[in-house]
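For reference, the structure discussed in these notes is given below.
In the numbering used here, the protein residues as written are 105 to 332.
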């Protein structure tokens, strides 16, 4: 009962994903990212499978099918699982178990992969791919615009409650890592959260890489500095 989109940006070198679902706290259960690859475990989710996929990827970088097969082999009742592996380079791989609820499946684009289950229409996944591949601007905004296109094309068969948006940049640092754990319109709430975050993101990257040059928290957040 989830739909997700992974995407990559050749210009920025970023890779990321966005996910939404009709239950709470999807960011705690669906999606992981490291070493230039996104892995998904959704439908009847087992978050432990993320570690399996990432471990297999590290052992055989570039082998998305191998990482997917490792996750599938480790899964309890894989017929209930929806799995995905999306690399920075190469062809994505995905699996939709026979017990996943319609509409369900996966679609690959030139620089994206959409998977979902229990969707309102069969148009949701193609709408996400089309929107992402035609969008411009920062990767995070392209991902969020695309999943909102999927929402408009049919969304899930039950009201959405949570969403997560993650983008990995250079130096193994997440440029975006945002969650809406419970809201009546989580993707609209995510738009507001991303609008607030993006102007601040570079400052927090400096804090990690060169703290001597990092701006003060009050300056980043637009607050008055304390007196004295």
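For every residue, glycine included, the Cβ atom is placed at its ideal position computed from N, Cα and C.
Residues bridged to residue i (per DSSP)
i, result
"residue 124", "107, 267"
"residue 321", "None; residue 321 has no bridge partner."
"residue 116", "Looking at the DSSP assignment, residue 116 forms no beta bridge with any residue, so it has no partner."
"residue 231", "According to DSSP, which records beta bridges pairwise, residue 231 is partnered with nothing at all."
"residue 212", "217"
Other residues of its chain near residue i: CB distance less than 7 angstroms, five sequence neighbours each side excluded
i, result
"residue 140", "119, 191, 192"
"residue 111", "120, 215, 216, 236, 243, 246, 247"
"residue 154", "136, 143, 145"
"residue 138", "158"
"residue 164", "170"
Spatial neighbours of residue i in its chain, beta-carbon cut-off 8 angstroms, leaving aside the 5 residues before and after
i, result
"residue 305", "279, 280"
"residue 301", "280, 282"
"residue 293", "267, 284, 287"
"residue 273", "116, 117, 118, 279, 309"
"residue 184", "147, 148, 201, 203, 204"
Exposure label - residue i; buried when at least 16 CB within 10 Å
i, result
"residue 149", "buried"
"residue 260", "buried"
"residue 240", "exposed"
"residue 296", "exposed"
"residue 263", "exposed"
"residue 256", "exposed"
"residue 108", "buried"
"residue 196", "buried"
"residue 313", "exposed"
"residue 61", "What is shown of the chain runs 105 to 332, which leaves residue 61 out entirely."
"residue 315", "exposed"
"residue 326", "exposed"
"residue 320", "exposed"
"residue 151", "exposed"
"residue 160", "buried"
8 angstroms Cβ cutoff, residue i in contact with chain D
i, result
"residue 139", "Of the protein chains in this structure there is only one, and it is not chain D."
Presumed contact (8 angstroms Cβ cut-off) between residue i and residue j, rounded CB distance
i, j, result
"residue 106", "residue 221", "6 angstroms"
"residue 189", "residue 168", "4 angstroms"
Cut-off 6 angstroms between Cβ atoms - residues of its own chain near residue i, not counting five sequence neighbours on either side
i, result
"residue 175", "153, 156, 157, 187"
"residue 226", "207"
"residue 130", "123, 266, 268"
"residue 233", "211, 213, 216, 218"
What runs of the alpha helix (DSSP H), each 4 residues or longer, lie entirely inside the segment 120–205?
152–163, 168–178
Which runs of the alpha helix (DSSP H) at least 4 residues long sit entirely within the segment 233–319? Give them in chain order.
243–256, 290–313
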